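Residue 17 is where the sequence shown starts when you use this note's numbering, and the numbers rise one by one after that.
C-beta atoms are modelled at their ideal positions from N, C-alpha and C, and glycine is treated no differently.
All values derive from a computational prediction rather than experimental measurement.
Just below is one structure, and these are the notes that go with it.
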Amino acid sequence: GRYGEAEDLLRQCLEAMKSALGEAHPGTLATMNNLAEAVREQGRYGEAEELFRQCLEARKSVLGETHPSTLTTMNNLAVAVYGKGRYGEAE
17 GRYGEAEDLL
27 RQCLEAMKSA
37 LGEAHPGTLA
47 TMNNLAEAVR
57 EQGRYGEAEE
67 LFRQCLEARK
77 SVLGETHPST
87 LTTMNNLAVA
97 VYGKGRYGEA
107 E
């Protein structure tokens, strides 16, 4: 895939969404999650982990801990942690 190009576009989109909708808007958080996925797909697990953690905390606050979007981000975070070789934490 063209993850580098996607990352650039997602970063632009994220900044525009933060300005237009706010940092805690579900659409903004969806874009943050997608950006983290693009970063993870490029093998930058540490940066992806940081983005997923930010997104997860915001989604917990806005949507609740059991919302499907929150759980998706939790899963994505686990994959990033696993990618860094921290298998026990990923469980």
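- Taken through DSSP and simplified to helix, strand or coil, Q58 comes out as coil.
- One Cα belongs to Q58, the other to R69, and the distance between them is close to 18 Å.
- Restricting attention to Y61, T82, L25, the CA atom closest to the CA of V97 is found in Y61.
- Sequence-distant Cβ neighbours of G17 in its own chain, meaning closer than 8 Å and more than five residues away, are E57.
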